[in-house]
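Using our numbering, the first residue of the sequence shown is number 43, and each one after it goes up by one. Using N, Cα and C, we set each Cβ at its ideal position, and we do this for glycine too. This structure is a prediction, so every number in the text was calculated from the model and none was measured. In what follows, a structure is listed as structure tokens, so that the remarks can point back to it.
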Amino acid sequence: MTKTEKHHKALIAIRITLAAVMFTHGAARISYGTVGGFGDFLGSQGIPLGFFVAWGITLFEVIGSVLLAVGFYIWIIALVFALQLAIGIGLVHYSEGWFVVGHGRNGMEFSFLLIASLVAVAYANYKK
């Protein structure tokens with residue numbers, strides 16, 4: 043196996059892992075029945091029609107992650123996920139600091155890692 047083939051396989055593994063992480067965000071919200079609460083939170087942050095936005099985000103996480111995993115619209119979906127996570131940092135995580143656990147709670151380090159990974163996947167799959 044050439045170095046290029048190894049890089050390609052590693053990128054696929056990262057893409058599928060990212061898809062699995064994003065899928066669990068939406069699937070858990072549906073499974074636990076917390077989409078409405080998410081919508082209430084979004085509304086409290088000044089986002090109009092929070093309930094519908096919450097469902098849109100949740101469905102995109104579920105459907106978009108499946109498309110990402112199988113390789114459809116990779117760079118677009120990855121960038122939308124990165125934007126979603128960046129907004130999440132602004133709304134929730136930034137005020138909590140850097141660390142998710144340990145020296146802090148609910149910080150932005152995990153979202154930052156996901157964003158960097160998603161942008162790398164988008165860049166690697168962008169076709170001019």
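Let me check understanding here. Comparing Cα to Cα, which of the options lies closest to residue i?
i: V143; options: E151, G98, V112; result: E151
i: Y168; options: A70, L155, Y115; result: Y115
i: L84; options: V95, T76, A158, T100; result: V95
i: L133; options: V108, S86, E47; result: S86
i: I157; options: I89, S107, L60; result: L60
i: Y165; options: M43, G139, E47, W117; result: W117
Just to check my reading of the structure: residue i and residue j have Cβ atoms closer than 8 angstroms, yes? What is that Cβ distance to the nearest angstrom?
i: V112; j: G68; result: So it is not a contact: roughly 16 angstroms between Cβ atoms.
i: R37; j: L110; result: It is not possible to answer for residue 37, since the shown part of the chain is limited to 43 through 170.
i: V122; j: L53; result: About 19 angstroms separates the two Cβ atoms, so there is no contact after all.
i: A124; j: V161; result: 5 angstroms
i: F93; j: G81; result: 4 angstroms
i: I89; j: G106; result: Not quite, the Cβ-Cβ distance comes to about 19 angstroms (not below 8 angstroms), so this is no contact.
For residue i, collect the residues of the same chain with a Cβ closer than 7 angstroms to its Cβ; drop the 5 residues on either side in sequence, then sort them by chain order.
i: H135; result: N148, G149, M150, S153
Excluding the 5 residues preceding and the 5 following residue i in the sequence, name in chain order all residues of the same chain whose CB lies nearer than 8 angstroms to its CB.
i: I72; result: T100, V104
i: W97; result: V77, G81
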